[in-house]
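Each residue of the sequence shown is one higher than the last, beginning at 1 in the UniProt record's numbering.
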Amino acid sequence: MDAARDEEAGMAGDRAGQRSSIPSFLFISFMLFMLTSHNGDEFLARHQYQDALRSLTYQLSNYTSWMNGTSTNYTVLDQDASLLPILETFEIQGNVLDPNQASYYSNLTGFIHGSSNFHNITPTALADNTSTPWNSAAQKYMVGFNETAIEERLGTWNWTASDKLAISIVEKLPTHVNGTTLSDTIALVHGRIELTDSNTKEDFRLEFEGVHFIMNGSIYGIAEPTGHHIDIRLLPSLVPTSAKNETAQLIEPELTARINKLNKLIDAGIVDESTSNDEPVKSSCPFAFYAQIHPMGVPEYLMLELEDEIQKPTGIWTIDPPKLSITGLLVSKECGLMYEVNETEGLRSRTFFRKVTTYAGFAGLVYFTLLILFSRQIERSRTPSGLGRVSRWLFLSQATVDSVSFAGHITFAILAEGRPSISLVAPAFLACMLFVHEAQFSVLVHQIQVPEDAVPAPTPTPAAPVGTPAPLPTSTTPPPPAVPNTETTYPPTPTQSPGPPATPAPTPTRTPAPAPSPDQMSFGAFFVHHVRTDPQARLCMCTAFQ
Numbered sequence: 001m002d003a004a005r006d007e008e009a010g011m012a013g014d015r016a017g018q019r020s021s022i023p024s025f026l027f028i029s030f031m032l033f034m035l036t037s038h039n040g041d042e043f044l045a046r047h048q049y050q051d052a053l054r055s056l057t058y059q060l061s062n063y064t065s066w067m068n069g070t071s072t073n074y075t076v077l078d079q080d081a082s083l084l085p086i087l088e089t090f091e092i093q094g095n096v097l098d099p100n101q102a103s104y105y106s107n108l109t110g111f112i113h114g115s116s117n118f119h120n121i122t123p124t125a126l127a128d129n130t131s132t133p134w135n136s137a138a139q140k141y142m143v144g145f146n147e148t149a150i151e152e153r154l155g156t157w158n159w160t161a162s163d164k165l166a167i168s169i170v171e172k173l174p175t176h177v178n179g180t181t182l183s184d185t186i187a188l189v190h191g192r193i194e195l196t197d198s199n200t201k202e203d204f205r206l207e208f209e210g211v212h213f214i215m216n217g218s219i220y221g222i223a224e225p226t227g228h229h230i231d232i233r234l235l236p237s238l239v240p241t242s243a244k245n246e247t248a249q250l251i252e253p254e255l256t257a258r259i260n261k262l263n264k265l266i267d268a269g270i271v272d273e274s275t276s277n278d279e280p281v282k283s284s285c286p287f288a289f290y291a292q293i294h295p296m297g298v299p300e301y302l303m304l305e306l307e308d309e310i311q312k313p314t315g316i317w318t319i320d321p322p323k324l325s326i327t328g329l330l331v332s333k334e335c336g337l338m339y340e341v342n343e344t345e346g347l348r349s350r351t352f353f354r355k356v357t358t359y360a361g362f363a364g365l366v367y368f369t370l371l372i373l374f375s376r377q378i379e380r381s382r383t384p385s386g387l388g389r390v391s392r393w394l395f396l397s398q399a400t401v402d403s404v405s406f407a408g409h410i411t412f413a414i415l416a417e418g419r420p421s422i423s424l425v426a427p428a429f430l431a432c433m434l435f436v437h438e439a440q441f442s443v444l445v446h447q448i449q450v451p452e453d454a455v456p457a458p459t460p461t462p463a464a465p466v467g468t469p470a471p472l473p474t475s476t477t478p479p480p481p482a483v484p485n486t487e488t489t490y491p492p493t494p495t496q497s498p499g500p501p502a503t504p505a506p507t508p509t510r511t512p513a514p515a516p517s518p519d520q521m522s523f524g525a526f527f528v529h530h531v532r533t534d535p536q537a538r539l540c541m542c543t544a545f546q
């Protein structure tokens, strides 16, 4: 007993070896390293935010010094005078219209798509092609162009195959400082410009920052490939000299607003990790974008009523929205590229969202009607005879169509923002419900029709029983009585006739055992047999488990 206690408790003189603390220390160190390591996408995105914040702060400091007239290394150049003849040739610069006769769109927030014609404006190409009316103006514009570094900037993008262009623009509200509006005639715009390759259908995306002159419908902006930061301090150097100071006053509040927004995002820990996923660089060519909105033969007050109704719908009558179209130039002096933008068609964002909401309402009503009709059809077709006459493939095909419709509606609802995303949830939900009911009903039809479609196994023919031979006829005359004789002789005398031959015994046949009656079956076996053979019972079981 004492020996057993010593083995369990240990002798006083023998101290058990403690577990080494090195593995625990290494494990804790590894966990701390994983928790505090900064090699993830979130940390990279945070660093990008901080770099952008430092860059914007530096830009604001230099720009404020230039605006105040303090000595600084930064200065804003005037508009390139050699570009004006090219803009006049393509009719880019607009004029102020008579408000009683015609007007421009005052808000460009929306989508514009059209065709783009490529022009090579390198000095070598201009010298070979002198038939264009703007050739001499382009040669003056490209004076001093260095063609040695053009290959590195052009990248891998196929510039000659880009025949389509799409623009998405968001126009900002007038800038207010201390309760006063800085400008009622100039608005800042930003967005994206996408060039489409006609051969591969790939897109080359450019980030866009610019200004919109509301009175004459002109747009001036800078476009850079995705990932390149646009210096909006260069915008005053693109506009006419007469509007340079007014444009410059809009830049400082915009820089301040962006700095405050970045500070709030960094302090709140809201970091978009997708910004750190750099796409393959297709080109590094910078562009300048010049566009002119086409005037419309609608008085200005009617256009203002239309704009107000689009922004804040009240239900009043307005004119039909006129067609939004522009003419533009996308020029890269550093790469010797120029695209002429024409045959454009635009759609305002508010108008597009209203159309989406209207479509969502009609689609939801149609799907709701289909769901009600389908529910009634299910109630009428739940009998075995009704289910035997329908085809499950029709319901499976319709369920497939409804599943695709659900996926499309819910995907667009996730990608869209605002009211359109909420309105598209209704048809998506109804399409999903219709898909579920159709799938269940098709499975039910399949389960009911399986015994009808299956070919029964052939029943083996039982073996014919072996017949027994007929008995021989016997005489009805009784035999004479036997005379007792104590002496037996052998062979018998003729007077002793033998009896009739013995009849052979019939071959026994094996009779099959009869099928067990329901009274002899267990309840479980009887229930399974009944469900397998009775369609009505199978229908009740399927309905109960739905």
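For glycine and all other residues, C-beta sits at the position ideal for the given N, C-alpha and C.
Under DSSP, K201 takes part in no beta bridge, so it has no partner. The three-state reading of DSSP puts Q292 in strand, counting E and B together. Here R350 is near I310, since their CB atoms are less than 8 Å apart. Around the C-beta of F30, fewer than 16 other C-beta atoms lie within 10 Å, and the residue is accordingly described as exposed.
According to the DSSP assignment, H113 belongs to the beta strand (DSSP E) that extends over 110-120.
For R348, the secondary structure class from DSSP, reduced to helix, strand or coil, is strand. In the structure shown, M338 adopts extended strand secondary structure according to DSSP, grouped into three states.
In terms of CA proximity to S421, K355 leads the group I326, L371, K355. Taking the Cα positions, L26 is about 50 Å away from D203.
Secondary structure note for E254: its alpha helix (DSSP H) is the uninterrupted segment 244-268. Residue range 326-332 is occupied by the beta strand (DSSP E) that includes T327. E147 carries a coil assignment under DSSP once its states are collapsed to helix, strand and coil.
If you look at V404, you'll find it isn't in any beta strand (DSSP E); it sits in the alpha helix (DSSP H) that goes 392-415.
Contact between T122 and F145 holds: their C-beta atoms lie close to 7 Å from each other, under 8 Å. The closest CA to that of L337, considering only E151, A291, R392, E307, is found on E151.
In the structure shown, P99 adopts coil according to DSSP, grouped into three states. Residue nearest to L394 within the set E438, L304, G217 is E438 (criterion: CA-CA distance). The C-alpha of S198 lies about 42 Å from the C-alpha of Y74. R532 sits exposed, since fewer than 16 C-beta atoms from the chains shown fall within 10 Å of its C-beta. Taking 8 Å as the cut-off, the beta carbon of A288 is found closer than this to the beta carbon of L238. Contact annotation: Y339 and F111 have beta-carbon atoms that are not nearer than 8 Å. By the criterion of a C-beta distance shorter than 7 Å, L108 is surrounded in its chain by I169, E171, V189, H212, once the five residues flanking it on both sides are discounted.
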